[in-house]
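Undergrad:
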Amino acid sequence: MSNRKPETGAFFQRDRAWQPDAYTPWYKTSVLRSPEKALLSLGNTLSEMTGPVFGHDLLGELDDDLIHNFAKPGESAIGPRIIVHGRILDERGKGVAGALLEFWQANAGGRYRHKKEGYVAALDPNFGGCGRTITDEDGYYSFRTIRPGPYPWPNGVNDWRPAHIHFSVFGHGFAQRLITQMYFEGDPLIPLCPIIKTISDPAAIDQLIAPLDMANTIPMDASAYKFDIVLRGRRSTMFENRMEGN
Amino acid sequence: MPQQLIQFKESASQTAGPYVHIGCTPNFAEISGVYEEDLGTRMLIGDAKGERLTIKGRILDGTGTPLKDALVEIWQADSKGLYNSPSEMRGSSDPHFTGFGRCATDMASGEFSFETVKPGRVPFPDGRLMAPHVTFWIVARGINIGLHTRMYFSDEAGANGEDPVLARIEHRHRVDTLIGKREGDVVTFDIHLQGDNETVFFDI
């Protein structure tokens, strides 16, 4: 990555009131999959402060291009072409360099390429739905894809997910591990969604909504959405406890 | 007025959903030709040092039904207790061991499985040694924020008895929920999300 010294301090504690609760009965599957007992608070040890970091050699040439990475040669996925880009920051506002992002989504019609999925909308033979990239020195990333469609799911009798892209993020420590979803500015399904309503603070929901970014839209090619993700920050190590004798 | 403390808020978690495999283990989801191999499939790269073990188990919901759509990740030290991470300052870990594993639970049986080595002991911040352990992170449909837990080893009763993290568990019968049962080269670790045998989960 760089000759910047790796950071080794403990991570800021997670704000569990800002994060979704485990038990959110309007999202029905959470009822039997949520712990009933309190979490045991654990100050970070090396097991949480360290984490896997992946090199750019992991990436294939089309990993960040969902329009083409599953398409037959010379063909491309159907749907509105978009660029999604932004920064991975930590809570101190520092860019997180070398963060691995993985993303997955439905196609333009809201259909996922997955054998457990039986929605009537058609598969796109040129769209797989997965991609990944690694942030640069300043924490920037970008990828291109097609805008996913909304998608019905068996929760309430007529529940529809807003258009969304799933993100999985590896920062520098296992304590920063995060999976979240990106939504699109102006989607009227957002306030109706039981999964989004697992988050109680409206400001935390707003933080998951990507605005249209005309400045980075490529004329006659692809529109752009800006989506920043914030990972847990970490303390300076200056006065951390040191092991005796070290 | 003092200066303001300026700090961003961590992005809120959302469930990984039932199709997490598309993004995290596409080959397992039969989306082939995009990635050569799913991330975290192999923890041993060549001749890793240490005792070889298979860790396997299931994730069970509040009715005892195994989750067939979960994604399990593990993170552990090498056989000498060093992490394969840039923030490991105590020395160089075994280059043949990644320390990171990822496995989708089987769509029929709900079982996960990792081929790994037994981790060495790692110091707690005050210098006391923790017992050998593997960190687990579990996501799935119905789980709004990833669940962190640890697996310790049943053949390490002495070390487990002096582990500073296990010592913090007030209800002592719950310590057992973190002990993987070792038989030969296989360690079995079932994780109960809810109910009487609920696994201890951590806010790390």
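For the record, the sequence lines run as chains X and S.
If you read the first sequence in the numbering used here, its first letter stands for residue 481, the second for the next number, and so on.
If you read the second sequence in the numbering used here, its first letter stands for residue 400, the second for the next number, and so on.
Just so it is clear, CB atoms sit at the ideal spot from N, CA and C, and this is done for glycine as well.
1) Could you work out which residues of chain S lie near X/Cys610, taking near to mean beta carbons separated by less than 7 Å?
2) Terminal residues of the continuous beta strand (DSSP E) containing X/Cys610?
3) Can you tell me which of S/Val516, S/Asp505 and S/Met529 puts its alpha carbon nearest to the alpha carbon of S/Thr497?
4) Rounded to whole angstroms, what is the Cα-Cα separation between X/Ile562 and X/Trp640?
5) On the three-state DSSP scale, how would you describe S/Ser486?
6) For S/Asp460, which residues in chain X fall below 7 Å Cβ to Cβ?
7) What is the DSSP secondary structure of S/Ser412, counted as helix, strand or coil?
8) State buried or exposed for S/Thr464, treating a residue as buried only when at least 16 other CB atoms are found within 10 Å of its CB.
9) Give the DSSP-derived three-state secondary structure of S/Pro465 in the structure shown.
10) Please tell me whether X/Asp495 has its Cβ less than 8 Å away from any Cβ of chain S.
11) Is there a Cβ from chain S that is less than 8 Å from the Cβ of X/Thr525?
12) Is S/Gln402 close to chain X? Criterion is C-beta to C-beta, closer than 8 Å.
13) Using the C-alpha atoms, what's the distance from X/Pro634 back to X/Val710?
14) Taking only beta-carbon atoms, is S/Ile603 less than 8 Å away from chain X?
15) Return the residue from the list S/Thr576, S/Leu592 and S/Ile542 that minimises the CA-CA distance to X/Ile675.
16) In its own chain, which residues sit with a C-beta less than 6 Å from the C-beta of S/Gly594, not counting the 5 before and 5 after it?
17) In its own chain, which residues sit with a C-beta less than 7 Å from the C-beta of S/Gly490, not counting the 5 before and 5 after it?
18) Can you tell me where the beta strand (DSSP E) with S/Val419 in it begins and where it stops?
19) At a CB-CB cut-off below 8 Å, which residues of chain S make contact with X/Asp667?
20) Please list, in chain order, all residues of the same chain as X/Val649 whose beta carbon is under 7 Å from its beta carbon, the five residues on each side excluded.
21) Give the secondary structure of S/Leu528 by DSSP, where H, G and I count as helix, E and B as strand, and everything else as coil.
22) Between the alpha carbons of X/Tyr592 and S/Gln403, how many angstroms are there, rounded?
23) I'd like the list of long-range same chain contacts for X/Glu724, defined as Cβ closer than 6 Å, with 5 residues on each side in sequence excluded.
24) Along chain X, which residues have their Cβ under 8 Å away from the Cβ of S/His532?
TA: On the basis of the coordinates in this document:
1) Ile421, Gly422, Pro425, Ile430 and Val433
2) Cys610 to Ile614
3) S/Val516
4) 22 Å
5) coil
6) Leu512 and Arg513
7) coil
8) exposed
9) strand
10) yes
11) yes
12) no
13) 31 Å
14) yes
15) S/Ile542
16) Gly461
17) Leu481
18) Careful: S/Val419 lies outside any beta strand (DSSP E), inside the alpha helix (DSSP H) at Val419 to Cys423.
19) The contacting residues do not exist; X/Asp667 stays about 15 Å from chain S at best.
20) Ile568, Ala579, Leu581, Leu658, Ile709 and Leu711
21) strand
22) 45 Å
23) Confidence is the limiting factor: at X/Glu724 the pLDDT is only 49, short of 50, which leaves the residue's position unreliable, though a coordinate-based value still follows. No residues qualify anywhere along the chain.
24) Ser527
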